[in-house]
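**Q** The opening position of the sequence shown corresponds to residue 17 in the working numbering, with each subsequent residue numbered one higher.
Using N, Cα and C, we set each Cβ at its ideal position, and we do this for glycine too.
All values reported here derive from a predicted model rather than from experimental measurement.
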Amino acid sequence: MSIKKHIPNTITLMNLLCGVLGVIYALQGRLDIAFILMLAAAVFDFCDGLAARLLKAYSPIGKELDSLCDMVSFGVLPAVMLMAAMQKGGVTQWYTYIPLFLALMSALRLAKFNVDERQSTDFIGVATPTSAIMSGALCYSGIALPVWFIPAFAVVMGLLLVSEIPMFSIKIAKGHKLLDAKHIVLIVLVLISIAVTAILRLNWSIAVLLVFSSYIVENLIIWIAKPKS
17 MSIKKHIPNT ITLMNLLCGV LGVIYALQGR LDIAFILMLA AAVFDFCDGL AARLLKAYSP
77 IGKELDSLCD MVSFGVLPAV MLMAAMQKGG VTQWYTYIPL FLALMSALRL AKFNVDERQS
137 TDFIGVATPT SAIMSGALCY SGIALPVWFI PAFAVVMGLL LVSEIPMFSI KIAKGHKLLD
197 AKHIVLIVLV LISIAVTAIL RLNWSIAVLL VFSSYIVENL IIWIAKPKS
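(1) Whole angstroms are fine: how far does the CA of Pro76 sit from the CA of Phe228?
(2) Would you call the segment 199-211 and the segment 133-141 in contact, with 3 or more CB pairs under 8 Å?
(3) Where Thr213 and Ile19 are concerned, what is the direct C-alpha to C-alpha distance, given to the nearest angstrom?
(4) With a cut-off of 8 Å on the beta carbons, I'd call Ala143 and Leu118 a contact; round off their distance for me.
(5) On the criterion of 16 or more Cβ atoms from any shown chain inside 10 Å, does Leu226 qualify as buried, or is it exposed?
(6) How many Å lie between Trp220 and Ser157 at the Cα?
(7) For Tyr113, which residues of its own chain have a beta-carbon under 8 Å away from its beta-carbon, when the five flanking residues on both sides are left out?
(8) So, is Thr28 buried or exposed, given that buried needs 16 or more other C-beta atoms within 10 angstroms?
(9) Under the three-state reduction of DSSP, which class applies to Val186: helix, strand or coil?
(10) Return the chain-ordered list of same chain residues with a C-beta closer than 8 Å to the C-beta of Ala234, the five sequence neighbours on each side being excluded.
(11) For Leu216, does the count of other Cβ atoms within 10 angstroms reach 16, so buried, or fall short, so exposed?
(12) Mind checking which residues open and close the alpha helix (DSSP H) that includes Lys198?
(13) Going by the beta-carbon positions, is the gap between Ser83 and Asn25 smaller than 8 Å?
(14) Got a sec, what are the start and stop residues for the alpha helix (DSSP H) Tyr156 sits in?
(15) Sort Ile222, Phe169, Val224 and Arg69 by Cα distance to Leu116 and report the nearest one.
(16) Restricting to Cα atoms, I'd like to know which of Ser209, Leu47 and Ile232 is closest to Ile222.
(17) Assuming Val178 is part of the alpha helix (DSSP H), what are its boundary residues?
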């Protein structure tokens, strides 16, 4: 039995480990460590697919395992972080549980992705890592927010996860141009986000939040501007 076929799944399980540890730290109020673990999970999530391609070690179980691990790292973890951020800020009312809506929609998003043949290159709806990293960056930033903001953010992100809005993949698909107009615009927005964060001396997580927000806004503009048949 070749050991190389188990390498991608092992990397995927490291994604899960980071997600579980992130949930533990989030419940302890250590949102900073939880966010770093979420980013580590995202790295493992990228590397497992890369390893599968390089080693030609694709397997049906690998696809299912990836979704199960993503549910923890990019579904449960961001929802718990948003809830913990509210509680850490002194909010104890029932609506601190509204962010758990994000976990429910993440599960639905991942299930749809596995059976939706339209999403082989691009996405329909926001991808779970995108909503998760935005949620994590928001918690990590420590910026003062009105009490209604996090629940509203969780609901909006949850609805975007299961929406029918097309979202282009940040990765360049095989056979496509190296850079097209939408990727060039995104690169410009990324540079602007980094520059604004550096000039204003903001927490680096603000740049992450601005970058992913720009990506979503760009896709929304493309979707709105596109003629509807």
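**A** According to the structure data:
(1) Approximately 30 Å between the Cα atoms of the pair.
(2) By the Cβ criterion, the segment 199-211 is not in contact with the segment 133-141, since fewer than three pairs of Cβ atoms, one from each stretch, lie closer than 8 Å.
(3) Going from the Cα of Thr213 to the Cα of Ile19 covers about 45 Å.
(4) Contact doesn't hold; Cβ gap of about 13 Å is too wide.
(5) Label assigned to Leu226: buried.
(6) Cα-Cα distance, rounded: 8 Å.
(7) Within the same chain, Tyr113 has close Cβ partners Met99.
(8) By the neighbour-count rule (16 or more Cβ atoms within 10 Å), Thr28 is buried.
(9) Note that residue 186 is Ile in the sequence shown, not Val. Coil, per DSSP.
(10) First, the amino acid is wrong: residue 234 is Glu here, not Ala. In its chain, beyond the 5 residues on either side, Lys198, Val201, Leu202 and Leu205 have a beta carbon closer than 8 Å to the beta carbon of Glu234.
(11) Around the Cβ of Leu216, a 10 Å sphere holds fewer than 16 other Cβ atoms; the residue is exposed.
(12) In the DSSP assignment, Lys198 falls within the unbroken alpha helix (DSSP H) covering Ala197 to Ile215.
(13) For the 8 Å CB-CB criterion, Ser83 and Asn25 do not form a contact.
(14) Start and end: Thr144 to Ser157.
(15) The candidate whose alpha carbon is nearest that of Leu116 is Phe169.
(16) Between Ile222 and the set Ser209, Leu47 and Ile232, the nearest pair of CA atoms involves Ser209.
(17) That residue, Val178, is in no alpha helix (DSSP H); it is neither H nor E in DSSP.
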